[in-house]
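Asks:
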Amino acid sequence: MKEQKEDIFEPAIPIVPQGWDVLPFDQTADVVSDKSKRVKQRDYLPSGKLAVIDQGQDFIGGYTDDEGMAFEGELPVILFGDHTRSIKYVDRPFAVGADGVKILKPAVGFDPKYFYYLLRSLQIPSRGYSRHFQFLRKFHFPRAPEDQQKRIVAEIEKQFSRLDEAIANLKRVKANLKRYKAAVLKAAVEGRLVETEAELALREGRSYETGEQLLQRILETRRSQWQGKGKYKEPAAPDTTDLPELPEGWAWATIEQLTTEMMNGYGKRSQTAGKPHIVLRLADIVNGEISFQDVRRINCTEDEVHKYALGENDLLILRVNGSPDLVGRFVLARQTPETSLFCDHFIRARCTSSDLAVWLRAYTDVDRFRRYIDLNKVSSAGQNTINQGALCPFAVPVPPVEEQLRIAAEVDRRLSLVREVEIQVDANSRRSDRLRQTILAGAFSGRLLRDGGFGERANSASRG
């Protein structure tokens with residue numbers, strides 16, 4: 053049997069002010085038993101008599117009505133997520149959720165809140181879904197005199213309250229941006245964002261190609277380009293029974309009608325045959341665009357490259373994702389720096405023109421499509437999946453080509469301004485996170501009390 057390599061991690065022993073102690077983990081806290089009373093995740097309720105607290109990122113994972121599952125030990129306690137590294141201060145009755153939770157009771161001489169913030173200050177390495185308690189046990193913990201511990205906690209919470217206010221402001225800005233984006237897209241797909249082609253043609257006294265005529269041209273191209281096996285089968289027209297009325301000159305079409313091909317991606321993770329090529333993963337989709345900053349290369353044969361190579365203006369659809377908000381998202385493939393394939397977490401869709409691909413990409417961000425994905429996705433083991441069969445019959449409004457171009461340009465103009473603001477908001481959010489760690493690091497080195505805190509920096513967290 054192959055020996056497993058030891059994960060070497062030796063954190064430095066902290067340097068502390070005179071009068072403080074530095075203690076190993078075993079002298080700072082006891083690991084308290086939950087007496088095997090754990091609520092399984094499948095038994096969580098959306099509301100109930102008793103909060104279930106687990107190692108998830110949300111403070112409360114769910115609820116239970118079984119009060120006999122309540123943790124019986126003395127409160128407060130600190131919960132450490134062995135897999136997730138989450139740290140939670142619990143001072144109310146609760147039930148322990150699922151596996152992977154370590155319940156810690158601070159030793160005599162440690163204020164519970166002081167110990168909680170001390171744990172949050174630690175730089176515990178991430179090892180994915182491996183166990184992390186082994187790393188926590190290797191740290192040494194600075195213990196300030198008890199009167200100073202209370203002052204340190206008060207100063208941390210004063211600074212954090214300022215940061216929390218700044219973060220709340222940033223979240224409000226992001227929520228407003230999200231509402232504005234939704235309003236722009238809604239106006240775009242309802243024909244209210246720019247003057248319609250029908251209105252322009254009437255004013256200018258000319259004819260134009262309607263959405264219905266465009267659809268017929270797309271279907272003719274689709275038929276002529278058919279290279280599949282067997283006899284060509286016409287895609288079914290959409291069921292328009294419950295669909296809203298469209299602007300003059302627009303038409304309804306299914307995603308199947310608008311695409312010439314839909315195909316799942318490359319399933320291999322490694323092989324010796326072939327030459328190395330980029331195979332795009334979910335991690336390569338950043339803010340709705342393909343990023344080539346940290347790509348993976350896999351050996352692929354010439355036939356595989358021919359089959360799975362991504363072309364300019366192809367659409368990548370996120371077929372599977374842990375986030376219900378990301379599954380079913382469409383990503384437009386712009387120019388690629390080199391031949392790139394796509395993994396089987398994606399579906400590739402091809403349209404008869406780049407204009408149509410841009411339109412379809414934009415439409416699939418609207419609320420109507422996202423609600424459809426939410427109703428038709430399949431969720432299992434924390435993953436959400438959408439398949440080609442569910443996507444194909446979805447009906448999309450098709451404006452005339454010239455109107456599509458004007459809409460796309462106006463949407464891009466408005467949303468580019470939004471993206472600039474979002475970049476600033478995200479930068480300030482990251483700055484706030486860094487400042488929170490700076491405050492904690494200062495607290496347990498003695499600098500927070502000595503220097504009078506970091507108030508000015510906390511106040512500036514929401515400023516650009």
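Residue numbers (the numbering used here): 53 to 516.
Don't be surprised by glycine CBs; every beta carbon is placed ideally from N, CA and C.
Since we're looking at a predicted model, the values are computed, not measured.
Taking C-alpha atoms, which residue in Ser497, Leu501, Arg502 lies nearest to His192?
Replies: Numbered from 1 along the sequence shown, position 140 holds the residue referred to as residue 192. His192 has its Cα closest to that of Ser497, out of Ser497, Leu501, Arg502.
Asks: Specify the secondary structure class of Asn373 as computed by DSSP and reduced to three states.
Replies: Reading the sequence shown from its first residue, position 321 is the one you call residue 373. Strand.
Asks: Within the segment 89 to 162, note down every full beta strand (DSSP E) run reaching 3 residues or more, in order along the chain.
Replies: Secondary structure in the segment 89 to 162: the beta strand (DSSP E) runs of 3 residues or longer, each lying completely within the stretch, are 102 to 105, 114 to 116, 129 to 133, 139 to 142, 147 to 149, 153 to 158 in chain order.
Asks: State buried or exposed for Glu336, treating a residue as buried only when at least 16 other CB atoms are found within 10 Å of its CB.
Replies: For the purposes of this step, residue 336 is taken as the residue at position 284 of the sequence shown. The sequence given here places Asp at residue 336; Glu does not occur at that position. Asp336 is buried by the Cβ-count criterion.
Asks: Would you mind giving the Cβ-Cβ distance between Asp20 and Ala150, rounded to the nearest angstrom? I have them listed as a contact below 8 Å.
Replies: Absent from the model: residue 20. The displayed extent of the chain is 53 to 516, so no value can be given.
Asks: Using beta-carbon positions only, say whether Gly326 and Thr353 come within less than 7 Å of one another.
Replies: To locate residue 326, count along the sequence shown from 1; it is residue 274. To locate residue 353, count along the sequence shown from 1; it is residue 301. Against a cut-off of 7 Å, the Cβ pair of Thr353 and Gly326 comes out as a contact.
Asks: Report the option in Ser432, Lys230, His135, Ser406 whose CA atom is closest to the CA atom of Leu469.
Replies: In the sequence shown, residue 469 corresponds to position 417, counting from 1. With distances taken between Cα atoms, Leu469 lies closest to Lys230.
Asks: Residues in its own chain within less than 8 Å of Val473 by CB, not counting five upstream and five downstream?
Replies: Mapped onto the sequence shown, residue 473 falls at position 421. Cβ within range, chain order: Val225, Leu229.
Asks: Which word fits Ala433, buried or exposed, when buried means at least 16 other C-beta atoms lie within 10 angstroms of its C-beta?
Replies: Numbered from its first residue, the sequence shown carries residue 433 at position 381. So Ala433 counts as exposed.
Asks: Rounded to the nearest angstrom, what separates Leu237 and Gln265 at their Cα positions?
Replies: Your numbering for residue 237 matches position 185 in the sequence shown. Your numbering for residue 265 matches position 213 in the sequence shown. Between Leu237 and Gln265, the C-alpha separation is close to 24 Å.
Asks: Does the Cβ of Val338 lie closer than 6 Å to at least one heavy atom of the ligand COA?
Replies: Of ligands this structure carries none, so the ligand COA is not represented either.
Asks: Let me know if Tyr169 comes out buried or exposed under the rule of 16 or more other beta-carbons within 10 Å of its beta-carbon.
Replies: Within the sequence shown, numbered from 1, the residue matching residue 169 stands at position 117. With 16 or more other Cβ atoms within 10 Å, it is buried.
Asks: For the beta strand (DSSP E) that contains Trp304, what are its first and last residues?
Replies: Taking the first residue of the sequence shown as position 1, residue 304 is located at position 252. Run containing Trp304: 303 to 306, per the beta strand (DSSP E) assignment.
Asks: Once you ignore the five residues that flank Arg413 on each side, which residues in its own chain have a CB closer than 7 Å to its CB?
Replies: Your numbering for residue 413 matches position 361 in the sequence shown. Hits under 7 Å: Leu367, Phe382, Leu384.
Asks: Looking at Arg137: is its Cβ nearer than 7 Å to the Cβ of Ile176?
Replies: Taking the sequence shown and counting its residues from 1, the one referred to as residue 137 is at position 85. Taking the sequence shown and counting its residues from 1, the one referred to as residue 176 is at position 124. Yes; because the gap between Cβ atoms is below 7 Å, this pair is in contact.
Asks: From Ile425 to Lys140, what does the alpha carbon distance come to, in whole angstroms?
Replies: Along the sequence shown, read from residue 1 onward, the residue named residue 425 stands at position 373. Along the sequence shown, read from residue 1 onward, the residue named residue 140 stands at position 88. C-alpha separation (whole angstroms): 34 Å.
Asks: Which of the three DSSP states is assigned to Gln70 in this structure?
Replies: By one-based count along the sequence shown, residue 70 stands at place 18. Looking at Gln70 - three-state DSSP - the assignment turns out to be coil, as it is neither helix nor strand.
Asks: Give the DSSP bridge partners of Val84, in chain order.
Replies: Taking the sequence shown and counting its residues from 1, one reaches residue 84 at position 32. Answer is Ile155.
Asks: Taking DSSP as the reference, what is the three-state secondary structure of Pro164?
Replies: Taking the sequence shown and counting its residues from 1, the one referred to as residue 164 is at position 112. Helix.
Asks: With respect to the alpha helix (DSSP H) encompassing Thr490, which residues constitute its N-terminal and C-terminal limits?
Replies: For the purposes of this step, residue 490 is taken as the residue at position 438 of the sequence shown. Run containing Thr490: 453 to 495, per the alpha helix (DSSP H) assignment.
Asks: Have a look at Leu393, Gly243, Ala234, Asp73 and flag the residue whose alpha-carbon is nearest the alpha-carbon of Arg334.
Replies: Reading the sequence shown from its first residue, position 282 is the one you call residue 334. With the sequence shown as reference, residue 334 is identified as Leu, and Arg is not the correct amino acid for it. Of the listed residues, the one whose Cα sits closest to Leu334 is Leu393.
Asks: Can you give the Cα-Cα distance for Tyr115 and Leu378, rounded to whole angstroms?
Replies: What you label residue 115 is simply residue 63 of the sequence shown in a count that begins at 1. What you label residue 378 is simply residue 326 of the sequence shown in a count that begins at 1. Going from the Cα of Tyr115 to the Cα of Leu378 covers about 27 Å.
Asks: Does the separation of the CB atoms of Asp86 and Lys157 fall below 7 Å?
Replies: Residue numbering aside, residue 86 sits at position 34 when the sequence shown is read from its first letter. Residue numbering aside, residue 157 sits at position 105 when the sequence shown is read from its first letter. It is not a contact, given that the beta carbons lie outside the stated cut-off.
Asks: Assign Asp163 to buried or exposed, taking buried as 16 or more other Cβ atoms, counted over all protein chains shown, within 10 Å of its Cβ.
Replies: Position 111 of the sequence shown, counting from 1, holds the residue named residue 163. It is buried - the Cβ of Asp163 has at least 16 other Cβ atoms within 10 Å.
Asks: Would you report the Cα separation of Ala122 and Ser213, rounded to the nearest angstrom?
Replies: Numbered from its first residue, the sequence shown carries residue 122 at position 70. Numbered from its first residue, the sequence shown carries residue 213 at position 161. Their Cα atoms are separated by approximately 30 Å.
Asks: Buried or exposed: where does Leu500 fall if 16 or more other Cβ atoms within 10 Å of its Cβ makes it buried?
Replies: Start at 1 with the first residue of the sequence shown, and residue 500 comes out as number 448. That one is buried.
Asks: Using alpha carbons as the reference points, say which of Gln345, Pro445, Asn339, Phe398 lies closest to Leu467.
Replies: On the sequence shown, residue 467 is found 415 positions in, with the first residue counted as 1. The shortest C-alpha separation from Leu467 is found at Asn339.
Asks: When burial is assigned at 16 or more other CB atoms within 10 Å of the CB, is Val160 buried or exposed?
Replies: Within the sequence shown, residue 160 is the residue found at index 108, counting from 1. Classification of Val160: exposed, given that the 10 Å Cβ count is below 16.
Asks: According to DSSP, simplified to helix, strand and coil, what is His358?
Replies: Position 306 of the sequence shown holds residue 358. DSSP places His358 in helix when its eight states are reduced to three.
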